Amino acid sequence: MDRSTPDDTATTDAATAATASTTATGRRRRLVILVVAAVVVAVLVVAAVLASRGGADGGTGPGGADLDAPAPVTSQDPADGQAPPAEAPAVGLDATAQPVPGVDVSIDELRAVEGVADGAGEIAGPALSFVVTVANGTDAPVSLAAAVVTVASGADLLPADPLRTGSTPLPAEVPAGGTATATYVFTVPVERRDDVRIAYDHRAGTPAVVFSGQAPRP
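For the record, in the sequence shown the residue sitting at position 49 is 49 according to UniProt numbering, with numbers rising by one throughout.
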């Protein structure tokens with residue numbers, strides 16, 4: 001026969017409930033700890049993978065920029081760090097200049113003439129006639145297809161106008177060891193002949209050679 005009193009039964013039930021609650025709480029704590037541990041492990045694994053990729057690729061900065069990529073290098077002239085000049089220093093009208101190694105250019109037979117207008121836009125008047133001589137001292141033909149001759153006069157370097165009459169162009173090339181000539185006529189007022197500049201531009205990317213001095217008067 002069970003002689004337990006109501007108080008004893010209540011006490012037993014309370015103890016049982018407390019024990020069950022404690023057990024459930026412990027299980028929940030263990031579950032939380034396991035979940036947290038799993039998350040930490042996952043974060044560490046992801047961090048390790050990203051670090052290994054960053055080391056192999058050199059790393060990237062904001063916007064995906066490569067942190068280890070070298071800065072772009074601009075080609076510069078080793079002498080002064082700037083692009084080659086458009087013109088070489090001027091020489092005298094009776095001197096010889098080299099636009100490129102092995103090629104000599106000179107101005108010959110510079111004289112005053114009366115220019116004749118023959119083409120559209122040309123104006124007759126006082127002019128200068130001269131011969132450009134290109135001597136090829138190399139062992140290969142030299143192209144003259146891109147060669148350009150211009151004339152300017154006065155302190156303000158006013159461009160002179162070319163005239164076709166009396167002019168003959170340079171050939172397309174000068175053979176190895178050979179010489180080529182061309183005759184040019186440009187209108188230049190007599191009062192502007194104290195300072196005349198004749199420029200020979202051999203080709204793009206090469207400084208033009210300049211011949212400067214006092215030109216003949218009639």
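All C-beta atoms, glycine included, are put in the ideal place defined by N, C-alpha and C.
Source: prediction; values computed, not measured.
Using beta-carbon positions only, say whether residue i and residue j come within less than 9 Å of one another.
i, j, result
"S106", "A135", "yes"
"Q214", "L93", "yes"
"P171", "L144", "yes"
"A182", "T168", "yes"
"D139", "G177", "yes"
"A124", "P216", "no"
"P162", "Y184", "yes"
"P141", "V116", "no"
Answer with buried or exposed for residue i, where buried requires no fewer than 16 other C-beta atoms within 10 angstroms of its C-beta.
i, result
"R193", "buried"
"L34", "exposed"
"V190", "exposed"
"A208", "buried"
"V39", "exposed"
"G121", "exposed"
Taking 7 Å as the limit between beta carbons, can you name the residues of its chain near residue i, skipping five residues before and five after?
i, result
"A160", "V151, A152, S153, F186, T187, V188"
"D104", "T96, Q98, A135, G137"
In this structure, does DSSP put residue i in helix, strand or coil?
i, result
"A90", "coil"
"L144", "coil"
"I33", "helix"
"E191", "helix"
"L50", "helix"
"L44", "helix"
"R28", "helix"
"residue 239", "For the chain, the structure presents residues 1 to 218; residue 239 sits outside this window and is missing."
"A199", "strand"
"V131", "strand"
"V116", "coil"
Please go through the same chain and pick out, in chain order, the residues whose beta-carbon is closer than 6 Å to the beta-carbon of residue i, but skip the five residues on each side of it.
i, result
"D108", "V131, T133"
"residue 228", "The requested residue 228 is not part of the displayed model; the chain covers only 1 to 218."
"R164", "D118, G119"
"E114", "none"
To the nearest whole angstrom, what separates the beta carbons of residue i and residue j, a pair I think is in contact under 8 Å?
i, j, result
"P99", "T206", "6 Å"
Skipping 5 residues on each side, what residues in its chain have a beta carbon closer than 8 Å to that of residue i?
i, result
"T179", "T133, V134, A135, N136"
"P72", "The predicted model places P72 with a pLDDT of 46, which falls under 50 and marks its position as unreliable; any figure quoted below should be read in that light. Same-chain partners within the cutoff: there are none."
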